[in-house]
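Residue numbering for the sequence shown is 947 to 1045, as defined by this note's numbering.
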Amino acid sequence: MASLAFNADCPLSLVPLFQQVAVNVEAPVVVVTGASRGIGKAVALAFGKAGCKVLVNYARSSKEAEEVSKEIESCGGHAMTFGGDVSKEEDVESMMKAV
């Protein structure tokens, strides 16, 4: 499976680039941390609308993360939410198993 990284310092104007890249990924599964708001939300929505399956990760904002997943699915995409702290190895391992 190919993996893509996102730099939080990247301006939102580059989100269309992620859509182009996502179309070319062989097995498009994307894990977006901090996806319940801000830049993470924009990236999750862009990948979801581009046809990737998106794992919407959140640490504290479960309601907002569910809304992001619902928005992705309303556009025909596939999404799942996962609560976990990426600073904790066991949470990251659980998140990767969920994908």
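Glycine is no exception: its CB is placed at the ideal position from the N, C-alpha and C atoms.
Of the choices the options, whose alpha-carbon is the least far from that of residue i?
{"i": "residue 1004", "options": "977, 1043, 1036 and 1035", "result": "977"}
{"i": "residue 999", "options": "1034, 1022, 1035 and 1043", "result": "1022"}
{"i": "residue 974", "options": "1025, 1015 and 1006", "result": "1025"}
{"i": "residue 988", "options": "1014, 1036 and 1035", "result": "1014"}
Quick check: residue i and residue j, are their CB atoms within less than 8 Å of each other?
{"i": "residue 991", "j": "residue 1017", "result": "yes"}
I'd like the span of the alpha helix (DSSP H) that includes residue i, first residue to last.
{"i": "residue 1038", "result": "1035 to 1044"}
{"i": "residue 980", "result": "Looking at the DSSP string, residue 980 is not in any alpha helix (DSSP H), and its letter there is neither H nor E."}
{"i": "residue 1014", "result": "1008 to 1020"}
{"i": "residue 994", "result": "984 to 995"}
With a CB to CB cut of under 7 Å and the five nearest residues on each side skipped, what residues in its chain are close to residue i?
{"i": "residue 1040", "result": "1030"}
{"i": "residue 1011", "result": "981, 982, 1002, 1004 and 1027"}
Residues in the same chain with beta-carbon distance under 6 Å from residue i, minus the five sequence neighbours each way, listed in chain order, please.
{"i": "residue 980", "result": "986"}
Go through its chain and collect everything with a Cβ distance to residue i's Cβ below 8 Å, but skip five positions before and after it.
{"i": "residue 1038", "result": "1030 and 1032"}
Here's the rule: buried if 16 or more other CB atoms are within 10 angstroms of the residue's CB, otherwise exposed. What is residue i?
{"i": "residue 1020", "result": "exposed"}
{"i": "residue 994", "result": "buried"}
{"i": "residue 1044", "result": "exposed"}
{"i": "residue 1008", "result": "exposed"}
Could you tell me the boundaries of the beta strand (DSSP E) in which residue i lies?
{"i": "residue 1025", "result": "1024 to 1029"}
{"i": "residue 1032", "result": "Here residue 1032 belongs to no beta strand (DSSP E), and DSSP marks it neither H nor E."}
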